[in-house]
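The structure appears right after this line, and notes come after that.
Number of protein chains: 2
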Amino acid sequence: MTRKRNANRNAGAPTLADVARLAGMSEITVSRVVRNQGPIADATRTRVLAAISQLGYIPNRAAGSLASAASTLITVLLPSLSNIVFPDVLRGIHTAITETGFQSVIGVTDYDPLIEERILLSFLAWQPAAVILAGLHHTPTARKHLEQGRFRVAELMDIDGDPVDIAVGMSHRQAGYETGRHLIERGYRRFGYAGHMLISDDRAKARYQGLCEALREAGLSLVGEMRVPGGGSTIAGRELLEKLLAAHTDLDVVIFPNDDMAMGGIFYCIHAGIVIKERLGIFGFNGLDIGQAMPLPLSTILSKRFLIGKTAAEKLLESRERPPEKTIINTGFDIIEGATA
Amino acid sequence: MTRKRNANRNAGAPTLADVARLAGMSEITVSRVVRNQGPIADATRTRVLAAISQLGYIPNRAAGSLASAASTLITVLLPSLSNIVFPDVLRGIHTAITETGFQSVIGVTDYDPLIEERILLSFLAWQPAAVILAGLHHTPTARKHLEQGRFRVAELMDIDGDPVDIAVGMSHRQAGYETGRHLIERGYRRFGYAGHMLISDDRAKARYQGLCEALREAGLSLVGEMRVPGGGSTIAGRELLEKLLAAHTDLDVVIFPNDDMAMGGIFYCIHAGIVIKERLGIFGFNGLDIGQAMPLPLSTILSKRFLIGKTAAEKLLESRERPPEKTIINTGFDIIEGATA
DNA sequence: GCGTTTTATGGTAGCGCTGTCATTATTCTT
DNA sequence: AAGAATAATGACAGCGCTACCATAAAACGC
Numbered sequence: 035m036t037r038k039r040n041a042n043r044n045a046g047a048p049t050l051a052d053v054a055r056l057a058g059m060s061e062i063t064v065s066r067v068v069r070n071q072g073p074i075a076d077a078t079r080t081r082v083l084a085a086i087s088q089l090g091y092i093p094n095r096a097a098g099s100l101a102s103a104a105s106t107l108i109t110v111l112l113p114s115l116s117n118i119v120f121p122d123v124l125r126g127i128h129t130a131i132t133e134t135g136f137q138s139v140i141g142v143t144d145y146d147p148l149i150e151e152r153i154l155l156s157f158l159a160w161q162p163a164a165v166i167l168a169g170l171h172h173t174p175t176a177r178k179h180l181e182q183g184r185f186r187v188a189e190l191m192d193i194d195g196d197p198v199d200i201a202v203g204m205s206h207r208q209a210g211y212e213t214g215r216h217l218i219e220r221g222y223r224r225f226g227y228a229g230h231m232l233i234s235d236d237r238a239k240a241r242y243q244g245l246c247e248a249l250r251e252a253g254l255s256l257v258g259e260m261r262v263p264g265g266g267s268t269i270a271g272r273e274l275l276e277k278l279l280a281a282h283t284d285l286d287v288v289i290f291p292n293d294d295m296a297m298g299g300i301f302y303c304i305h306a307g308i309v310i311k312e313r314l315g316i317f318g319f320n321g322l323d324i325g326q327a328m329p330l331p332l333s334t335i336l337s338k339r340f341l342i343g344k345t346a347a348e349k350l351l352e353s354r355e356r357p358p359e360k361t362i363i364n365t366g367f368d369i370i371e372g373a374t375a
Numbered sequence: 035m036t037r038k039r040n041a042n043r044n045a046g047a048p049t050l051a052d053v054a055r056l057a058g059m060s061e062i063t064v065s066r067v068v069r070n071q072g073p074i075a076d077a078t079r080t081r082v083l084a085a086i087s088q089l090g091y092i093p094n095r096a097a098g099s100l101a102s103a104a105s106t107l108i109t110v111l112l113p114s115l116s117n118i119v120f121p122d123v124l125r126g127i128h129t130a131i132t133e134t135g136f137q138s139v140i141g142v143t144d145y146d147p148l149i150e151e152r153i154l155l156s157f158l159a160w161q162p163a164a165v166i167l168a169g170l171h172h173t174p175t176a177r178k179h180l181e182q183g184r185f186r187v188a189e190l191m192d193i194d195g196d197p198v199d200i201a202v203g204m205s206h207r208q209a210g211y212e213t214g215r216h217l218i219e220r221g222y223r224r225f226g227y228a229g230h231m232l233i234s235d236d237r238a239k240a241r242y243q244g245l246c247e248a249l250r251e252a253g254l255s256l257v258g259e260m261r262v263p264g265g266g267s268t269i270a271g272r273e274l275l276e277k278l279l280a281a282h283t284d285l286d287v288v289i290f291p292n293d294d295m296a297m298g299g300i301f302y303c304i305h306a307g308i309v310i311k312e313r314l315g316i317f318g319f320n321g322l323d324i325g326q327a328m329p330l331p332l333s334t335i336l337s338k339r340f341l342i343g344k345t346a347a348e349k350l351l352e353s354r355e356r357p358p359e360k361t362i363i364n365t366g367f368d369i370i371e372g373a374t375a
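For the record, the sequence lines run as chains L and F.
So the first sequence is numbered by my numbering: it starts at 35 and just counts up by one.
So the second sequence is numbered by my numbering: it starts at 35 and just counts up by one.
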């Protein structure tokens with residue numbers, strides 16, 4: 035039977051036992067060398083390492099995970115990959131884990147908490163060492179599993195709420211608020227908003243609310259507001275601004291939920307001969323490089339995506355066990371003055 | 035001993051045996067229901083499913099992988115996450131696998147074949163169902179493992195070469211060549227190249243060579259050429275074009291290795307008052323949305339990144355076994371006429 | 001109606017590794 | 001120098017699942 039079984043296996047792929055035999059050591063010693071764990075005599079380590087490289091041994095992680103009830107996998111659930119923000123976060127995560135032996139398994143939730151829940155459950159089957167997801171808002175089932183699991187949890191981007199374990203991000207409500215204050219101070223009074231319809235993009239919603247609050251405090255309110263269906267791209271921003279200005283000719287500044295859309299707005303102004311900043315201010319969010327490379331650098335808010343990902347992953351790996359108190363790390367944001375508002 | 039061991043485990047997480055007991059079935063039957071495999075009576079399936087949801091059973095993939103010597107993981111090795119191209123590819127991959135139960139493990143190689151090799155070996159420890167990587171150029175060790183492994187392999191982006199199993203992409207050499215032909219036909223004669231120094235970016239190199247070949251055939255050659263250190267961004271493109279034009283005042287067209295840099299070039303022209311197209315043509319590569327949203331849409335080549343990722347993943351999952359003949363899928367490219375060259 | 005195939009289910013032995021508990025050198029105290 | 005601590009190694013069971021083979025029951029063929 036054993037023979038039959040092996041037929042379907044990686045033809046003769048060497049196992050711990052093979053290495054042990056060749057090195058003249060017990061399996062457990064080889065295992066310790068591989069995992070760099072426990073006290074090992076230098077001579078032993080050398081011998082084992084030699085046997086490993088001679089055989090081309092690759093440890094079987096499935097067996098290891100099963101035996102130890104823990105894996106080296108980190109589950110990463112991102113709302114989207116189209117929005118450059120999340121690849122940046124992912125890049126930060128990878129920068130932090132690259133030398134640690136941890137590996138990331140990626141899921142894309144499409145901003146949908148139900149999809150997030152489904153993917154989360156299927157990923158928990160790997161007994162991950164940590165779970166990283168976006169935002170603090172999850173389904174009750176997802177939240178329950180996150181709370182009860184034997185793994186670390188980092189919730190990224192947002193810090194306005196109660197995290198399961200670690201939250202790393204910024205206050206989007208505050209960012210929206212300060213956007214409003216900043217523009218009011220610069221003399222803008224007739225505000226427009228050109229958004230998108232990702233109702234599950236809690237961050238964009240929080241910024242919007244913060245903005246409205248700043249306006250309200252100053253006795254102002256949004257004069258005009260429009261949204262495109264879907265996620266919002268540069269082209270969408272361009273077309274949307276045209277429509278918004280057609281409906282509200284007297285706007286003096288328009289805020290976009292992200293830089294991509296804001297750049298579309300700028301392109302529309304150039305096309306339509308509208309003098310940016312004097313006649314119409316444009317304000318974005320994210321602080322993308324490309325916006326800053328433009329002849330008129332985009333006025334926007336720099337969100338520290340890479341830093342968020344990197345910080346979260348580092349923090350996560352500090353300890354295997356979840357500490358008693360929750361951690362909230364505010365990476366903050368910078369207002370980029372720019373030349374468009 | 036068993037008790038001690040369980041102490042460290044997921045406290046009482048239900049196992050197949052628990053489900054089997056509750057459903058009054060054998061473990062193997064439950065396993066079959068979970069995997070949707072083999073003939074199961076409807077009544078049995080219903081009962082098992084009820085028990086699963088009652089217990090909140092989550093299968094242990096590590097155990098499954100160990101027993102079957104196969105996993106549902108797909109290893110994805112990308113050169114970079116900064117370059118928007120690769121998140122697009124990843125998005126395509128995820129679109130294809132999202133409903134299949136397969137999951138992606140991501141590694142970032144930084145365009146370095148040695149890093150690629152190291153990550154590949156560490157990922158093979160999971161006995162992945164498939165490996166997806168960029169390009170056809172790998173270390174001998176990596177190539178050997180790819181060839182001998184019991185998993186499918188897809189090499190993306192490039193098709194100029196001999197793949198291990200499946201290649202999906204386009205001919206970058208041809209893209210470069212056609213860029214040259216296209217611009218020569220439009221009357222350009224004094225060519226400049228503003229590149230970067232990613233020597234391991236084989237695709238950019240192939241396009242460069244194709245371009246040179248087209249010029250050579252027409253009795254031309256590059257008048258001026260410069261490269262920035264590192265990967266090349268919009269800002270780098272902007273600064274590089276300034277330098278290149280300072281050194282070669284008589285260029286009538288400049289080709290960039292990607293749209294990001296080309297847009298930087300456009301921004302420099304706007305800034306310096308250079309009339310784009312008439313006085314200086316600008317040509318990119320990738321066909322990013324943002325380039326097409328600009329007042330003067332960028333002249334460039336559309337690479338079908340999303341399609342490449344999606345096609346590769348679909349093809350990969352068609353069959354578990356590697357077929358005897360290799361597959362090469364040419365997704366082609368489109369020349370976008372644009373307004374900048 | 002009796003063999004033959006198909007459908008549905010189960011028993012059992014591992015998969016390759018690591019946790020737990022020993023055990024035996026070796027070094028350190030005072 | 002005797003006891004105590006530490007360093008280095010090993011035996012062995014078992015993690016939770018699935019491949020393999022077996023078996024029983026139902027459907028089929030002529």
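Quick reminder that beta carbons are idealized off the backbone N, C-alpha and C, glycines included.
None of the values given here were measured: they were computed from a predicted structure.
- When the Cα atoms are used, Ala306/L and Leu350/L turn out to be separated by approximately 49 Å.
- For the C-beta of His305/F, the chain L residues within less than 8 Å are, from N- to C-terminus, Pro329.
- Of the other Cβ atoms in all chains shown, fewer than 16 fall within 10 Å of the Cβ of Val309/F; this residue is therefore exposed.
- Ala163/L places its beta carbon less than 8 Å from that of Leu107/L.
- Per DSSP, the continuous beta strand (DSSP E) segment holding Phe317/F begins and ends at 315-317.
- Look at the region 110-129 of chain F: the residues with a C-beta under 7 Å from a C-beta of chain L are Leu115, Ser116, Ile118, Pro121, Leu124, Arg125, His128.
- For a Cβ distance threshold of 9 Å, nothing in chain F lies close to Asn320/L: the least Cβ distance comes to about 13 Å.
- In the structure shown, Asp146/L falls within a coil segment according to DSSP collapsed to helix, strand and coil.
- When the Cα atoms are used, Gln161/L and Phe185/L turn out to be separated by approximately 8 Å.
- Near chain L, meaning a CB-to-CB distance below 7 Å, no residue of the region 341-363 of chain F qualifies.
- In this structure, Leu256/L lies near Gly226/L, with their beta-carbon atoms less than 8 Å apart.
- Residue pairing of Val139/L in beta bridges, as defined by DSSP: Thr109/L, Val139/F.
- A distance below 6 Å between beta-carbons, with the five flanking residues on each side excluded, links Tyr302/F to the following residues of its chain, in chain order: Arg272, Leu275, Glu276.
- The beta-carbon of Leu100/L is placed less than 8 Å from the nearest beta-carbon of chain F.
- Boundaries of the alpha helix (DSSP H) harbouring Ala101/F: 95-102, taken from the DSSP string.
- Taking C-beta separations shorter than 6 Å and ignoring five residues to either side along the sequence, the partners of Tyr222/L in its chain run Asp286, Val287, Gly315, following chain order.
- Beta-bridge annotation (DSSP): His230/F is paired with Val262/F.
- For Asn94/L, the residues of chain F that pass the 8 Å Cβ criterion are Leu100, Ala159, Gln161, in the order they occur in the chain.
- For Arg272/F, the chain L residues whose C-beta falls within less than 9 Å of its own C-beta are Ala327, listed in chain order.
- Exposure of Gly90/L is indicated by the presence of fewer than 16 other C-beta atoms within 10 angstroms of its C-beta.
- With the rule of 3 Cβ pairs closer than 8 Å, the region 243-253 of chain L does not count as touching the region 83-102 of chain L.
- Nearest Cα to Val142/F within the set Phe120/F, Ile131/F, Arg125/F: Phe120/F.
- Annotated as distal: Met204/L and Gly46/L, with beta-carbon spacing of 8 Å or more.
- Distance from Ala270/F to Met295/F at the Cβ level is roughly 6 Å; contact confirmed, criterion being Cβ atoms closer than 8 Å.
- With a contact defined as Cβ atoms closer than 8 Å, Asp323/F and Thr268/L qualify at about 6 Å.
- For Met191/L, there are no neighbours in chain F by C-beta distance under 9 Å, as the nearest C-beta there is about 17 Å away.
- Look at the region 290-302 of chain L: the residues with a C-beta under 8 Å from a C-beta of chain F are Asp294, Met297, Gly298, Phe301.
- Using a Cβ distance threshold of 8 Å, Ala240/F and Asp284/F do not count as a contacting pair.
- When only Cα atoms are considered, Pro291/F and Arg356/L end up about 46 Å apart.
- The alpha-carbon of Leu232/L is positioned some 8 Å away from that of Pro263/L.
- Chain L places a beta carbon closer than 8 Å to that of Leu155/F, counting this residue as a contact.
- With a 10 Å radius around the Cβ and a threshold of 16 neighbouring Cβ atoms, Arg220/F comes out exposed.
- Close CB contacts of Ile86/L within its chain, under the 7 Å cut and outside five residues either way in sequence, are with Val53 (chain order).
- Looking at Ile335/L, Asn94/L, His128/L, Thr361/L, the one whose alpha-carbon comes closest to that of Val187/L is Thr361/L.
- Look at Ile153/L here: in three-state DSSP terms it is helix.
- Residues of chain L with a Cβ closer than 9 Å to the Cβ of Asp196/F do not exist, since the nearest Cβ in that chain sits about 23 Å away.
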